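Student:
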Amino acid sequence: MTNAVEVITLGCRLNASESDAMVTLARDDGLTDAVIINTCAVTNEAVAESRRRVRKARRDRPGATVIVTGCAAQIDPTAFAAMPEVDQVLGNHDKMLPGAFAAEHFGAGTERIRVNDIMAVRNSAPQFLGSENSPGLKGDGRAQSRTRAFLQVQNGCDHRCTFCIIPYGRGNARSVPAGEVVSHVRNLVRQGYREVVLTGVDLSSWGGDLPGQPPLGDLVRRVLKLVPELARLRFSSIDPAEVDPVLFELIVSEPRITPYLHLSLQAGDDMILKRMKRRHSRQQVVDLCAELQARRPEITFGADMIAGFPTEDDAMFDNSRTIVADIGIPWLHVFPYSAREGTPAARIPPVDGNIVKVRARLLREAGAAVKAAHLAARIGDTDTALFEENGQGRLPDFSLVRVDNPPPAGSLARVTVIGATDDHLMGSLHG
Numbered sequence: 041m042t043n044a045v046e047v048i049t050l051g052c053r054l055n056a057s058e059s060d061a062m063v064t065l066a067r068d069d070g071l072t073d074a075v076i077i078n079t080c081a082v083t084n085e086a087v088a089e090s091r092r093r094v095r096k097a098r099r100d101r102p103g104a105t106v107i108v109t110g111c112a113a114q115i116d117p118t119a120f121a122a123m124p125e126v127d128q129v130l131g132n133h134d135k136m137l138p139g140a141f142a143a144e145h146f147g148a149g150t151e152r153i154r155v156n157d158i159m160a161v162r163n164s165a166p167q168f169l170g171s172e173n174s175p176g177l178k179g180d181g182r183a184q185s186r187t188r189a190f191l192q193v194q195n196g197c198d199h200r201c202t203f204c205i206i207p208y209g210r211g212n213a214r215s216v217p218a219g220e221v222v223s224h225v226r227n228l229v230r231q232g233y234r235e236v237v238l239t240g241v242d243l244s245s246w247g248g249d250l251p252g253q254p255p256l257g258d259l260v261r262r263v264l265k266l267v268p269e270l271a272r273l274r275f276s277s278i279d280p281a282e283v284d285p286v287l288f289e290l291i292v293s294e295p296r297i298t299p300y301l302h303l304s305l306q307a308g309d310d311m312i313l314k315r316m317k318r319r320h321s322r323q324q325v326v327d328l329c330a331e332l333q334a335r336r337p338e339i340t341f342g343a344d345m346i347a348g349f350p351t352e353d354d355a356m357f358d359n360s361r362t363i364v365a366d367i368g369i370p371w372l373h374v375f376p377y378s379a380r381e382g383t384p385a386a387r388i389p390p391v392d393g394n395i396v397k398v399r400a401r402l403l404r405e406a407g408a409a410v411k412a413a414h415l416a417a418r419i420g421d422t423d424t425a426l427f428e429e430n431g432q433g434r435l436p437d438f439s440l441v442r443v444d445n446p447p448p449a450g451s452l453a454r455v456t457v458i459g460a461t462d463d464h465l466m467g468s469l470h471g
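First residue of the sequence shown: 41, per the working numbering; consecutive thereafter.
1) Give the single residue among R99, T72, A56 and M123 whose Cα lies nearest to the Cα of N132.
2) Output the distance between the C-alpha atoms of I76 and D309, rounded to the nearest integer angstrom.
3) Please look up how many angstroms separate the CB atoms of L372 and L415, rounded, as I've assumed it's under 8 angstroms.
4) Inspect the beta-carbon positions of P376 and G407 and report whether they are closer than 9 angstroms.
5) Anyone know if the C-beta pair for V229 and E269 falls short of 9 angstroms?
6) Determine the extent of the alpha helix (DSSP H) in which T64 is found, giving its start and end residues.
7) Do D69 and G139 have their CB atoms nearer than 9 angstroms?
8) Going by DSSP, what residue range makes up the beta strand (DSSP E) through L465?
9) For a minimum of 3 consecutive residues, which ranges assigned as the beta strand (DSSP E) are wholly contained in the region 57-138?
10) Helix or strand or just coil, what does DSSP make of S439?
11) Hey, would you say V455 sits closer than 9 angstroms to G433, going by beta carbons?
12) If I'm right that E89 touches S378 with Cβ under 8 angstroms, what's the distance once you round it to whole angstroms?
13) Figure out for me which residue from S276, L250 and V237 has the closest Cα to the Cα of T264.
14) Given 8 angstroms as the limit, is there contact between the region 190-197 and the region 46-63, that is, 3 or more CB pairs closer than that?
15) Does the region 298-315 come within contact of the region 341-359, defined as at least 3 CB pairs closer than 8 angstroms?
16) Which complete alpha helix (DSSP H) runs does the region 343-416 hold, if anything under 4 residues is left out?
17) Just to confirm before moving on: does the CB-CB distance between M136 and L50 stay below 9 angstroms?
18) Using only the alpha-carbon positions, how far apart do G459 and I419 sit?
19) With DSSP as the reference, identify every bridge partner of D423, one or two as the case may be.
20) Tell me whether the beta-carbon of Q306 lies closer than 9 angstroms to the beta-carbon of D344.
21) Specify the secondary structure class of S215 as computed by DSSP and reduced to three states.
22) Any chance the region 95-112 sits against the region 390-402, with 3 or more Cβ pairs inside 8 angstroms?
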């Protein structure tokens, strides 16, 4: 890999899909012997890890060009430019432009910081392709097996949750027109992808900046109608306050939409949700999930939750802990609260750090208990798994299943569940 372009990805799947695109852009621009670090800014630890990866890249590749991009670089470019290991800092919008990695941008006399005002970006979000199997393409640019494609249809966010720094890294909400999305989905299916995941920074806000302000449900309905050969459609994350009526009906009635929703929940206490500046209440989320399950009993949920938000007391935390079982959330992502400078929440007196750690552990334990019960309940079922490059399969409800002698990556195969651990299912190929 002496002259290779290596992309190191931190953070979300959106970053991962953009990393895939940067490999192609860098190759097309003729860039060689470089390391691109695609940073994350969601927590202080994410920023610290981004800096550690920059230093490691220089140690591992002392002669390579080190380029830093991503949300942390967008938000604080001067801090990364001050690192002696860094050759150039590239903004989130700039990194996806044709020619971004052309030779004239590097070397003596060139700008070390190429970061524009992300809030001024108004064009439709580009669309990038990524794989579930790894964060980005392989280091030598070879594509992953065509199993599951992540398609960015939205970027940025117009909401200002008090804990979140990401809008300052991604800019305001902007959507890809439906016709372009359909064209990309059709192309992905022709390439052999069996499942497409629609992604975005605030996916459920798709359409708000387009003529007529169509809701996300309109886009989903159009994709399903115009690409009938698409086997599966999934969503990266949904804001429970933005499930429009068309989207709701499609989720409960369309078998090609996987019965799995990852919710941007964050907390289960009304006062904390209000202080976070979220737009849903605890009961609204409980009711939404109950209505979805009543219409489509096999549906499961994932969720992001923050432990130890400022002012959270024991009773408030208990409301968050108990909502995991009240809804039934097997796929829980827990984040200990991390104050981000520049956000309103950072000015609120914090919860003691040791308490935050305990609450994060208790939330994870609550999620693990629901997950174990869900997996145990699937024993004896027969369902269709999409097999990935690592030989594992995903059932439509996001359950992971392992079988002896798995079929090739990208295969859809019927599997009978014969056992379960706390983490995954064990199955046998059916028929």
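Ideal placement from N, C-alpha and C gives every residue a C-beta, glycine not left out. These numbers come from a predicted model, not from an experiment.
Tutor: Quick answer:
1) Taking the sequence shown and counting its residues from 1, the one referred to as residue 132 is at position 92. It is A56 whose Cα lies nearest to the Cα of N132.
2) The residue you call residue 76 lines up with position 36 of the sequence shown. The residue you call residue 309 lines up with position 269 of the sequence shown. Near 40 angstroms, if we compare the C-alpha coordinates of D309 and I76.
3) What you label residue 372 is simply residue 332 of the sequence shown in a count that begins at 1. What you label residue 415 is simply residue 375 of the sequence shown in a count that begins at 1. About 14 angstroms separates the two Cβ atoms, so there is no contact after all.
4) Counting from 1 along the sequence shown, the entry for residue 376 is found at position 336. Counting from 1 along the sequence shown, the entry for residue 407 is found at position 367. Not closer than 9 angstroms, so no.
5) If you number the sequence shown from 1, residue 229 lands on position 189. If you number the sequence shown from 1, residue 269 lands on position 229. A contact, by the Cβ cut-off of 9 angstroms.
6) Stepping through the sequence shown from its first residue, residue 64 is reached at position 24. That run of the alpha helix (DSSP H) goes R53 to D68.
7) Taking the first residue of the sequence shown as position 1, residue 69 is located at position 29. Taking the first residue of the sequence shown as position 1, residue 139 is located at position 99. It is a contact, given that the beta carbons lie within the stated cut-off.
8) Within the sequence shown, residue 465 is the residue found at index 425, counting from 1. For L465, the uninterrupted beta strand (DSSP E) run begins and ends at L465 to L469, by DSSP.
9) Counting whole runs of 3 or more residues, the region 57-138 contains the beta strand (DSSP E) stretches 74-79, 105-110 and 128-130.
10) Here residue 439 refers to the residue found at position 399 of the sequence shown. Here DSSP, grouped into helix, strand and coil, assigns S439 to coil.
11) The residue labelled residue 455 in the question sits at position 415 within the sequence shown. The residue labelled residue 433 in the question sits at position 393 within the sequence shown. Less than 9 angstroms divides the Cβ of V455 from the Cβ of G433.
12) Taking the first residue of the sequence shown as 1, we reach residue 89 at position 49. Taking the first residue of the sequence shown as 1, we reach residue 378 at position 338. The beta-carbon separation of E89 and S378, rounded to 12 angstroms, does not stay under the 8 angstroms limit for a contact.
13) As a working mapping, residue 264 is identified with position 224 in the sequence shown. Reading off the sequence, residue 264 comes out as Leu, not Thr. Ranking S276, L250 and V237 by Cα distance to L264 puts V237 first.
14) As far as the Cβ criterion goes, the region 190-197 touches the region 46-63, which means the pair count is three or higher.
15) Touching, yes.
16) DSSP runs (the alpha helix (DSSP H)) wholly in the region 343-416: 354-367.
17) For the purposes of this step, residue 136 is identified with residue 96 of the sequence shown, where counting begins at 1. For the purposes of this step, residue 50 is identified with residue 10 of the sequence shown, where counting begins at 1. No, they are not a contact pair.
18) As a first step, residue 459 must be located in the sequence shown, where it is residue number 419. As a first step, residue 419 must be located in the sequence shown, where it is residue number 379. For G459 and I419, the distance between alpha carbons rounds to 6 angstroms.
19) Residue 423 sits at position 383 when you count from the first residue of the sequence shown. V455, per the DSSP bridge assignment.
20) In the sequence shown, residue 306 corresponds to position 266, counting from 1. In the sequence shown, residue 344 corresponds to position 304, counting from 1. Annotated as proximal: Q306 and D344, with beta-carbon spacing under 9 angstroms.
21) For this step, residue 215 is matched to residue 175 along the sequence shown. Three-state result, S215: strand.
22) No: the two stretches stay apart, fewer than three of their Cβ pairs being nearer than 8 angstroms.
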